[in-house]
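Start counting the sequence shown at 27; every next residue gets the next number (this note's numbering).
In this text, a Cβ means the ideal position worked out from N, Cα and C, and glycines have one as well.
Source: prediction; values computed, not measured.
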Amino acid sequence: MLTIPQTLLERITEAAEAAFPYECCGLLAGRDGAAKGETLVTRMVPSPNVTETQAEDSFEVDPQVRFDLMRALDGTDERIVGHYHSHPGGPAMPSATDLKMAYETDLIWVIVAVKDGQAVDARAHGVNPDRSAFHAVPLNLIAD
């Protein structure tokens, strides 16, 4: 289960709407939650989409953003737990391109569906250990 404060999810959906018709992206930091198998998101870090292909249907987090976040988390109980991106005009489900790029099976993917500039859905997904498919991860919203 991915537990995320409502305001952080709102910031992610706002970023998705602002980037439309392009994909937004960023990183999620957090730690293990109180329940077994729970991951608690403690912060979201936006990134420019630095993809070298069409930003309408692909994304790449800026490596410098990731490096800076890793340094900031060093020595804390937080770690990078996942990333987020948007699907302009598409569902909040992983695409074939997403599966090709799913190298880190321990990261959770939050995908926001954006239709006509408005976020309409957000879902969390995990990558199967053999990288053959994604699986749904329950998304638990909490008050701040």
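Checklist entry - Would Thr-29 pass as a contact of Glu-64 if the rule is Cβ separation under 8 Å? => result yes
Next on the checklist: Which of the three DSSP states is assigned to Thr-33 in this structure?
Outcome noted: helix
Checklist entry - Taking Cβ positions, are Ser-112 and Val-140 nearer each other than 8 Å? => result A distance below 8 Å separates the beta carbons of Ser-112 and Val-140.
Item to check | Check whether His-161 and Leu-133 have beta carbons under 8 Å apart | outcome: Note that the C-beta distance between His-161 and Leu-133 is not below 8 Å.
Next on the checklist: Please classify Glu-40 as buried or exposed, where buried requires at least 16 neighbouring CB atoms within 10 angstroms.
Outcome noted: That one is exposed.
Checklist entry - What is the residue span of the alpha helix (DSSP H) that Lys-126 lies within? => result 122 to 126
Item to check | Completely contained alpha helix (DSSP H) runs for the region 63 to 113, where each covers 4 or more residues | outcome: Residue ranges of uninterrupted alpha helix (DSSP H) with 4 or more members, entirely inside the region 63 to 113 and ordered along the chain, are 89 to 99.
Item to check | beta strand (DSSP E) segment containing Asp-58, residue limits | outcome: Note, Asp-58: beta strand (DSSP E), 51 to 58.
Next on the checklist: Beta-carbon within less than 7 Å of Thr-68's beta-carbon, same chain only, minus the 5 sequence neighbours each way: which residues are those?
Outcome noted: Ala-55, Gly-56, Arg-57, Glu-104
Checklist entry - Where does the unbroken beta strand (DSSP E) through Asn-154 begin, and where does it stop? => result Segment: none, Asn-154 is in no beta strand (DSSP E) and carries neither H nor E.
Item to check | Pairwise C-alpha distance: Gly-59 and Asp-88 | outcome: Put simply, the backbone Cα of Asp-88 is about 27 Å away from that of Gly-59.
Item to check | Per-residue DSSP class, three states only, for Ala-118 | outcome: If DSSP states are grouped into helix, strand and coil, Ala-118 belongs with coil.
Item to check | Backbone CA spacing between Ala-42 and Gly-101 [nearest angstrom] | outcome: Rounded to whole angstroms, Ala-42 to Gly-101 spans 31 Å at the Cα level.
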